[in-house]
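Participant:
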Amino acid sequence: MKVAHFILVFAGSLSAIVTYLLQFKYKQSAVRASALVGVFSGLFVLVFPNVLSSYLSQNLPLVCFGASFIGMVSSNLVKSYWTIGVSGTIFTILFLNTSKLFTGFGGGLGSAACIALLVTLAIPIVVNKGNVTNGFLQLKRLINKRSLKK
Numbered sequence: 004m005k006v007a008h009f010i011l012v013f014a015g016s017l018s019a020i021v022t023y024l025l026q027f028k029y030k031q032s033a034v035r036a037s038a039l040v041g042v043f044s045g046l047f048v049l050v051f052p053n054v055l056s057s058y059l060s061q062n063l064p065l066v067c068f069g070a071s072f073i074g075m076v077s078s079n080l081v082k083s084y085w086t087i088g089v090s091g092t093i094f095t096i097l098f099l100n101t102s103k104l105f106t107g108f109g110g111g112l113g114s115a116a117c118i119a120l121l122v123t124l125a126i127p128i129v130v131n132k133g134n135v136t137n138g139f140l141q142l143k144r145l146i147n148k149r150s151l152k153k
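Using my numbering, the letters of the sequence shown map in sequence onto residues 4 to 153.
#1: Which one of 32, 35, 60, 34 has the shortest CA to CA distance from residue 44?
#2: Are the CB atoms of residue 66 and residue 94 within a distance shorter than 9 Å?
#3: In angstroms with no decimal places, state the Cα-to-Cα distance between residue 50 and residue 42.
#4: Pair every Cβ in the region 72 to 81 with every Cβ in the region 25 to 41, then say whether three or more of these pairs are closer than 8 Å.
#5: Output the distance between the C-alpha atoms of residue 54 and residue 96, rounded to the nearest integer angstrom.
#6: So for residue 127, helix, strand or coil by DSSP?
#7: When you compare each of 82, 119, 14 to residue 23 by their alpha carbons, which one comes out closest?
#8: Would you check if the distance between the CB atom of residue 88 and the CB atom of residue 17 is smaller than 9 Å?
#9: Using CA atoms only, rank isn't needed, just tell me which of 84, 85, 38, 114 is closest to residue 98.
#10: What is the DSSP secondary structure of residue 161, reduced to helix, strand or coil?
#11: What residue range is occupied by the uninterrupted alpha helix (DSSP H) comprising residue 64?
#12: Residue range of the alpha helix (DSSP H) that residue 49 falls in?
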């Protein structure tokens, strides 16, 4: 892995965590917290253009802003900073591997952030086989109840 990719992965995790922290510890709205992370990452690249390589200058604001969408998640759904950080890492890996495929498509950053968060939330379900079976049983019961009411 290149050093630039490592920096992007770290920045993605940190951006997601900072957004989550701004939202819940400092009582900012989800949109404001995400916007602050995006603006500061963009300003850093503009104010210090010679500090980063051209590759990082181009991709760092995108990764930081996209990963900040993960930090907008509800605290009812995710309570762990580790989960947010892992989601930020997965988002960055998705971004690095799919950014060339989705050129010109709107919503690519948000879609990748959603996928990264869903993958992270699915890890405990996949690892613990009892939860998968239990989840399928609950879904089957819910479908059966709805079909019986009709």
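From the three backbone atoms N, C-alpha and C, an ideal C-beta is built for every residue, glycine too.
Facilitator: Quick look at the numbers:
#1: One-based indexing of the sequence shown puts residue 44 at position 41. Of 32, 35, 60, 34, the residue nearest in Cα terms is 60.
#2: In the sequence shown, residue 94 corresponds to position 91, counting from 1. In the sequence shown, residue 66 corresponds to position 63, counting from 1. A contact, by the Cβ cut-off of 9 Å.
#3: Within the sequence shown, numbered from 1, the residue matching residue 50 stands at position 47. Within the sequence shown, numbered from 1, the residue matching residue 42 stands at position 39. For residue 50 and residue 42, the gap between their C-alpha atoms comes out near 12 Å.
#4: Judged by Cβ distances under 8 Å, the region 72 to 81 makes contact with the region 25 to 41, as three or more pairs qualify.
#5: For the purposes of this step, residue 54 is taken as residue 51 along the sequence shown, with counting starting at 1. For the purposes of this step, residue 96 is taken as residue 93 along the sequence shown, with counting starting at 1. Distance from the CA of residue 54 to the CA of residue 96, rounded to the nearest whole angstrom, comes to 23 Å.
#6: For the purposes of this step, residue 127 is identified with residue 124 of the sequence shown, where counting begins at 1. Note: residue 127 maps to helix in three-state DSSP.
#7: Counting from one through the sequence shown, the residue named residue 23 turns up at place 20. Looking from the CA of residue 23, the closest CA among 82, 119, 14 belongs to 82.
#8: Your numbering for residue 88 matches position 85 in the sequence shown. Your numbering for residue 17 matches position 14 in the sequence shown. The beta carbons of residue 88 and residue 17 sit closer together than 9 Å.
#9: Start at 1 with the first residue of the sequence shown, and residue 98 comes out as number 95. Just measuring C-alpha positions, the residue of 84, 85, 38, 114 sitting nearest residue 98 is 114.
#10: Within the shown structure, residues of the chain are numbered from 4 to 153, placing residue 161 beyond reach of any answer.
#11: By 1-based counting over the sequence shown, the position of residue 64 is 61. Segment 57 to 71, the alpha helix (DSSP H) holding residue 64.
#12: Counting from one through the sequence shown, the residue named residue 49 turns up at place 46. That run of the alpha helix (DSSP H) goes 33 to 50.
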